[in-house]
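*Asks:*
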Amino acid sequence: MADLDIKIGADTLSIAHTWESKIGDLPRAYSVYKIAFARLTRGLPSPSETNTSHEVEKRTLAIATAMKMAELGDLILYARALGTAPADPDSGPAGEAEVREKFDWALTEALRLRTAAVKPPERAKEEEEENDRINPPRWAQEVDLASIMGRVADYYSRRGMVEHAVPLYFYATSTLFPPPNPPACSPFLPAPSSSFEDRCQALIASAPEAHRIQATAWLKKAAKLLKKAIAVSKLTSEGTRELQNMPGAMLFNLGILSEMSNEQGKARAYYEHALEAFKATGTYERAVEVQDALRRLQSQPLNSVEGEEGLSDVESLYPSLFKSVLAK
1 MADLDIKIGA
11 DTLSIAHTWE
21 SKIGDLPRAY
31 SVYKIAFARL
41 TRGLPSPSET
51 NTSHEVEKRT
61 LAIATAMKMA
71 ELGDLILYAR
81 ALGTAPADPD
91 SGPAGEAEVR
101 EKFDWALTEA
111 LRLRTAAVKP
121 PERAKEEEEE
131 NDRINPPRWA
141 QEVDLASIMG
151 RVADYYSRRG
161 MVEHAVPLYF
171 YATSTLFPPP
181 NPPACSPFLP
191 APSSSFEDRC
201 QALIASAPEA
211 HRIQATAWLK
221 KAAKLLKKAI
231 AVSKLTSEGT
241 RELQNMPGAM
251 LFNLGILSEM
261 SNEQGKARAY
271 YEHALEAFKA
281 TGTYERAVEV
291 QDALRRLQSQ
301 PLNSVEGEEG
311 LSDVESLYPS
321 LFKSVLAK
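So in my numbering, spot 314 of the sequence shown is number 314, and the numbers just go up one at a time.
1. Excluding five sequence neighbours on each side, which residues of the same chain lie with their C-beta closer than 7 Å to the C-beta of Leu26?
2. Could you round the C-beta distance between Lys58 and Ile6 to whole angstroms and report it? I think they count as a contact, below 8 Å.
3. From the DSSP output, in three-state form, read off Thr52 for me.
4. Kindly indicate which residue of Pro86, Thr12, Asn262, Ala85 has the alpha-carbon position closest to the one of Ala62.
5. Could you check where the alpha helix (DSSP H) with Ile6 kicks off and where it finishes?
6. From Ala94, Ser157, Ala153, Gln214, pick the residue whose C-alpha is nearest to that of Leu257; which is it?
7. Among Ser31, Val162, Arg138, Ala267, whose alpha-carbon lies nearest the alpha-carbon of Arg295?
8. Using CA coordinates, which residue listed in Glu109, Glu98, Met260, Leu219 is at the minimum distance from Ala165?
9. State the DSSP-derived secondary structure class of Arg39, mapped to helix, strand or coil.
10. Tell me whether Ala184 sits in a helix, a strand or coil according to DSSP, three-state version.
11. Who are the near neighbours of Arg114 in its chain, counting only those whose CB is closer than 6 Å to its CB and skipping five residues on each side?
12. Under the rule that 16 or more other beta-carbon atoms within 10 Å means buried, what is Ile335, buried or exposed?
13. Using the Cβ count rule (16 or more neighbours within 10 Å means buried), how would you classify Gln141?
14. Under 6 Å Cβ to Cβ from Leu176, same chain only, skipping five residues before and after it: list those, please.
Okay, here's the thing in structure tokens:
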């Protein structure tokens, strides 16, 4: 027999999904998701170096349920603020703290799950369980760490919590580009040791276009959020210190992504501003890498229109932003 908690949890998730998507009763759906989450986390062991396939499946369902509760709870709280949903803690989250708790729990467990190995199940048990399996909703069947990071970053962005949102957008981007062996081959890691050309070629060969598009969107969200926060003086001095090395890295990565997409004008503009940011923070090792990238681009033909668009795009977003960060 399959694990009873998984069977009951998956069945409860299906019921909650029906309340949400077919009936449209979000508070009732939240209540049923809450029952499913309690069942799926009951007796859930702490992640270890090796987990059984049951433990991984149970944790995966629990993470997906926590994310669903967090996002649904956020919508319910918004509806309460508009007066279109009942202010009843039994029909939705008790408050903002409960929503944030679910986001943080899902992110933490997704990070732990990513590093865990899985013991192979016994064949006889696996075949028996396949015949006795209740399929949960499709969104609950896998954990996408990059997506979870991006969605949690979106939540913190809406709350104006820059110190949380910006790093999450940055690391969500890096998760889309898992480094080959050795790990130092990824340009999205803080201090790579291999050459820019090797890292860039490895990513070009392995990165789907959809990942490049998503990564660019997340990095631009992070930059715009940082710019807005500086404009309204929402960054604390401590938060600014934490974020002061992010500008150069974000610009460098945007340059890489633009170069991958054959947008050399944008790539050159991003690299030029990354060079300025790295020099301002004294990160000279990274500044040398940017100079290497710029020298390589100088040997390539540049379409004048595309180049102007690239510069316009960067100039509209970044110089004032990063000068403000680095001046603090």
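Backbone N, C-alpha and C fix where the C-beta goes; we use that ideal spot for every residue, glycine too. All figures in this text were calculated on a predicted structure; none of them were measured in a lab.
*Replies:* The structure says:
1. Translated into positions along the sequence shown, residue 26 becomes position 26. Take Leu26, set aside five residues on each side of it, and the residues of its chain with a beta-carbon closer than 7 Å to its own are Glu20, Leu72, Leu75, Ile76, in chain order.
2. Position 58 of the sequence shown, counted from the start, is the residue given in the question as residue 58. Position 6 of the sequence shown, counted from the start, is the residue given in the question as residue 6. The C-beta distance from Lys58 to Ile6 rounds to 5 Å, short enough to meet the 8 Å contact threshold.
3. For the purposes of this step, residue 52 is taken as the residue at position 52 of the sequence shown. When secondary structure is reduced to three states using DSSP, Thr52 falls in the strand class.
4. In the sequence shown, the residue the question calls residue 62 occupies position 62. Nearest of Pro86, Thr12, Asn262, Ala85 to Ala62, Cα basis: Thr12.
5. Position 6 of the sequence shown, counting from 1, holds the residue named residue 6. Its alpha helix (DSSP H) spans residues 4-17.
6. Here residue 257 corresponds to residue number 257 of the sequence shown, with the count starting at 1. The shortest C-alpha separation from Leu257 is found at Gln214.
7. Working through the sequence shown from its first residue, we reach residue 295 at position 295. Relative to Arg295, the option among Ser31, Val162, Arg138, Ala267 whose CA is nearest is Ala267.
8. As a working note, residue 165 is residue 165 in the sequence shown. For Ala165, the nearest C-alpha among the options comes from Leu219.
9. In the sequence shown, counting from the first residue as 1, residue 39 sits at position 39. In the structure shown, Arg39 adopts helical secondary structure according to DSSP, grouped into three states.
10. The residue you call residue 184 lines up with position 184 of the sequence shown. Summary for Ala184: the model assigns pLDDT 42, below 50, so the residue's position carries little reliability; its value from the coordinates is reported in the next sentence. Helix.
11. Counted from its first residue, the sequence shown places residue 114 at position 114. Closer than 6 Å at Cβ, skipping near neighbours: Leu145.
12. The structure shown does not extend to residue 335, since the chain is modelled only from 1 to 328, so the question has no answer here.
13. Within the sequence shown, numbered from 1, the residue matching residue 141 stands at position 141. So Gln141 ends up on the exposed side.
14. Reading the sequence shown from its first residue, position 176 is the one you call residue 176. Non-local beta-carbon contacts of Leu176 in its own chain, meaning distances under 6 Å to residues more than five positions away in sequence, involve Ala146, His211, Ala215 in chain order.
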